[in-house]
Structures are given as structure tokens and as C-alpha cells.
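Residue numbers (the numbering used here), protein chains in the order written: chain R, 1 to 314; chain B, 315 to 621.
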């Protein structure tokens, strides 16, 4: 019997995130909370990307578009004075799902590199569409006056309450993905990744399975975008930029594509690394770039892969 | 329609088209032959521009600087191929995307370190800085004509190289079946390095052509790279001919969309909504074109035959 290293790390990370607000209060380090919020929000998006990329083999290079869509779903209603979270959150999820449905229907006809590039093209389309809408700030985006309102239930303006809302979304995303990939539906999607023809000959309409999976991931990422808009009090097209999509892919791969907690580990490591490097030197992209190349060349299977190796060795 | 404006827009479209071709040619060759997704191709474009900045001010001659900078970018291409790309040909596309994304960060940081964060202009010599009068009262900047001429010359040269020379034969053999080419005694590794460096030099040349107009700045390759990818996807990966046609198509549609789309839109809707909708639509035009083409032809206009 191997010691359950991976399970231990999972529980430890989630526990640490759960008690962090109390800790930062005691240590008087409020910026840690801020950092953790950013990690958890991007991790939620990365978990959704992992569903299609890691389990489904669909390498989407446009996932940041959904974060932007979710943020605009906070910002545009707020611009017209509608702050209710009961409007904004469903709007974010609905818009994300719709965008994924329409674009996925076209993207999923293609394979391989063509798929990577066409998802990127659709994200760029969304980016330019919002850049050219002057009403909502165009290039610069707009400030959001206040966070989504859930009157009487949650006060999103309270940092601690918002923190736990974000944590619930992250855990919810992890739970959802673990349920999906272990269900018949998720098995079919993973089967189609490994051998599409065989799945089709078994009678699965793999296109529809993939599309459904793609839509679920889009809706989840848009929910993360809804959190991001609330977190930043701000939305802009820049959130959809293709470099952000690249960062999300990096989180997934660094943590270990196709492993449940990989994207969370990837987000933790990448964001802390970025934070440390950028405060140490303005030339941080130089170092981060070199690290990224080294990770791809030398560390295959990501952080979860390393933990799994550790587990087997003992 | 005003003919003077129309012709100068046509030339602008042609200029953008040939620049895109310079970028896309290397991208599509590397992609078609090595099956390698190189996001850092835009960084080589940027490095070319920066080499040219330094050499122009050091030598005081723009043409000489371009010549040397092309050679420098070629050498940089060899270095990148030997140190990074070579190890990625056998990996899946995801790894390639990530590692070359890392290269982009690396080069952006390196440029910041060496040349500083501000944009760097390149001063053109007087004989390139003027305007040329064409018949019918059309005037265009000399340098734009030079860009078009150089771009077309490189395109013709490249097509000649690929279709008529022995090296081109090897490149085509490598593109259609690299293992068979290797089995027949072609030194595939050397060929790959050469093709990569050739692509780098062309991308660098494109950067040198644009820098006198827009300045050389950090991240200048990041956005145009995406457009170059659109070009090679539309053209069909690995096809030089496809890249050329798609580059001109994308260049024209982009420029014409920006200048004439609102007039067209006014024919079918009222002025107010035409003026709000057309900037968005013209910015999206090339992506819509790509999505449309991929919908009907999932492998581009001139798909590779042996894959």
C-alpha cells in the first residue's frame, strides 16, 4: 500500500485556503488574501480549461475570452444600474455558454493545430468586438462601482465573505469536473480524445459529446470571469488577450493536464512566481520565459505527475 | 468613389499583404515541414527590427543595416533552432505552444533589458522618405513602394527556391514525407535548421520594413503573429502559394474593411448604427473570413496532400 501523497497534498492545500483569512488577520498580511483570491479565481478558470484540454484533448487557445465575457456580464448591467447578482451571475454563465455553443459548433469541426488557431481567432474576435464598443469604454474598459448584490444573504463587499464565495466556486468547479470525468458522459469524451473513430463505431456521436463538454467549460470559465470582474471592480478587453489564454494553458500544463487538482497547483505556482519575480526585477518576463521553456523540456506530466511519481517510489 | 483614395488604399492593402507574406512564409514552412507551432516567430520579427535600429544608428546607412540585420536574424534563427526548437519537433503541439510562448516572454524581457522599454524609431534616408507621384494625381510614400517591391521580390525568390532548385526539392520532399526523405539520405536535421533560419530571416526582414513606419517596440510581434497564423490557416499549412494568396487576401480585406465597410453598412442600415457596428466588424473581418473558410474547408484553401 502506497502512502496517499496526492490525497494528502490535496487536503492540505484546500485546508490552507480555507483557514487563510483567519491566518492573514492574525499575521496582519492582507496582501496574501488578495494574492490567494487571484489564484483561486484563475484556478477556477484553469480547472474548466483542464476539462476540455486535459480530459477532452481540445486545446483551446481562447479560454481567456470567457473570463472577459464573465467580467462584462458584471460591468454592463452595473453600467445601467443593475447590480443584482441574481441577474449578473446567470447572465455571465448564459453568455459564456452561448459563446461556447456558437463558436464550439464551428471549432469542433476542425482538429489539431487548426482547432488551436480557430479558438484563438474567436477569442480575438471577441477582443476586437469589445475594443470597438465605445459605450463600454472601448480599449480602456470601465470601472465597476460596486460588486454584485445578494442582499440579505452575502455581502460581496466584505473581503472575507467574498473570499469564501470564491473558494466555494473553486471547490464547486473541482467537484463538478470530478463528477463529469467519472460519469459515462466524461468517459465518452475521454474515449473520443484517445480514439475518436472507435468511439463513433461504438455508437457515440462524439461531436455532440465534445460540444456539450466545451459549453460546460465555457460556462464555468465565464463564472470565473464573473468573480474576476467583482474582484477587480473593473473590466476591459485586455482580459481576453491571447497572452492570458496562454497563461491559463500554462497553469494547466504546469500542474498536470488531465489531473483534477493540477490546474490549482499550476495557478498557485505560476501566480506566486510571477508575483515574486515581478517585485524582484522589471525584467521578470526574461526569467519566467526561461523557466517555462525548461518546464516544457524537462518536467513532463506536471506537478501532479511528480507527486504521483513520489507516491509510487515510497 | 474617389479613385485616388481607392488606389492608395489598394496599395496599403498590398503593403500589408506582402509584409504578412514575409512573416507567414517562414511560419508555414516550419509548420508544414517540421510540424512545429512556433509562436515565437513574432519575436524574430521584433528582433529583426531591433537589430536594424542599432545597426542603422551605428552604420548610418539604412540599406546596409537591413542587409546585416537580416544576416543577424538568420544566425539568431539557427541559435533558437539548435537550443530550443529542435528538441520540440517530436513533442505534441501543446508543448510546442507552451515552450514558444516562453520564448516570447524571454525575448520581450531581453529587449527590455538591452534596448529599454521605449519604442525605438528608425530614421529613413532622404531618398526613401519622400513621396512618388503616380499618374492621375496619386501620390504615395516612396518607402511604401519599396516595401511592396521588396516583399514581392522575396515572394518570387522564395517560390523560385522552393519549386525550381535542388534545395527546394528537398524542402518539398521533407514537407510531404520527412521520414522517407531522411531514409533517402537527406540530412533532415540540417535541412530543418536551414528552413527555420530562413523563416527567421524573412520575419526579421518584415520587422525591419515596418519599424521605420511604426517604431520598433516590445511585443510588436505578438499581435501580427496571430494575423500571420490566420494567413497560414486560410492558405493551408505548408503551402507557400496558399500563404501568398491568403496574405494578400487578408491584407486587402483588413485595409478595405477599415476604410469602406461603413459606407457599405450605410446602404443596409441607418448612419448611426452603421458607424457603431462597422469598426467592430472590420476589426473582426479577417477572423470571420478564417472561421468561414475553416467551416467549409477545415484544412484551408490549399491543404497539404500528404499528412
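The beta carbon of each residue, even a glycine, is placed where N, CA and C say it ideally should be.
Just so we're clear, the structure is a prediction, and the values are computed from it rather than from any experiment.
The beta carbon of residue 251 of chain R lies closer than 6 Å to those of 46, 263, 266, 267, 270 in the same chain, with the five residues before and after it left out. Taking the Cα positions, residue 182 of chain R is about 15 Å away from residue 192 of chain R. Taking the beta carbon of residue 593 of chain B as reference, the chain R residues within 7 Å of it are 132, listed in sequence order.
Taking a 10 Å sphere around the C-beta of residue 177 of chain R, we find 16 or more other C-beta atoms and assign the residue as buried. Rounded to the nearest whole angstrom, the C-alpha separation of residue 203 of chain R and residue 611 of chain B is 26 Å. Within the region 238 to 255 of chain R, those residues whose Cβ lies closer than 8 Å to any Cβ of chain B are, in chain order, 242, 243, 246, 249, 250, 253. Annotation for residue 540 of chain B: no beta strand (DSSP E) segment contains it, though the alpha helix (DSSP H) segment containing it runs 534 to 549. Beta bridge pairing from DSSP links residue 149 of chain R with R/84. A contact is defined here as three or more CB-CB pairs under 8 Å, and the region 392 to 406 of chain B meets this definition with respect to the region 504 to 523 of chain B.
Annotation: the continuous beta strand (DSSP E) that includes residue 445 of chain B extends over 445 to 448.
In the DSSP assignment, residue 113 of chain R forms no beta bridge with any residue.
In the structure shown, residue 232 of chain R falls within a helical segment according to DSSP collapsed to helix, strand and coil.
With a minimum length of 4 residues, the unbroken runs of alpha helix (DSSP H) contained wholly in the region 248 to 303 of chain R fall at 262 to 280, 284 to 298. For residue 453 of chain B, the uninterrupted beta strand (DSSP E) run begins and ends at 452 to 455, by DSSP. Taking 3 residues as the shortest admissible run, the region 343 to 407 of chain B contains no complete beta strand (DSSP E) segment at all.
In terms of Cβ geometry, residue 428 of chain B and residue 354 of chain B do not form a close pair [threshold 7 Å].
Segment contact: the region 430 to 439 of chain B against the region 365 to 381 of chain B, three or more CB-CB distances shorter than 8 Å; contact assigned. Collapsing the DSSP output to three states places residue 563 of chain B in a helix. Looking at R/20, R/232, R/171, the one whose alpha-carbon comes closest to that of residue 148 of chain R is R/232. Your pair residue 65 of chain R and residue 544 of chain B does not check out as a contact, with CB atoms roughly 16 Å apart and the cut at 8 Å. Across the set R/286, R/71, R/105, R/248, the C-alpha of R/71 shows the shortest separation from the C-alpha of residue 237 of chain R.
Per the Cβ contact rule, the region 21 to 39 of chain R is not in contact with the region 329 to 339 of chain B (fewer than 3 Cβ pairs under 8 Å).
In the displayed model, residue 530 of chain B falls within a strand according to three-state DSSP.
Between the region 594 to 614 of chain B and the region 562 to 579 of chain B there are three or more inter-stretch CB-CB distances shorter than 8 Å, so the stretches are counted as touching. Residue nearest to residue 206 of chain R within the set R/281, R/184, R/226 is R/184 (criterion: CA-CA distance). Counting of Cβ neighbours within 10 angstroms places residue 132 of chain R among the buried residues, the total reaching 16 or more. For residue 268 of chain R, no Cβ of chain B is located within less than 7 Å of the residue's own Cβ.
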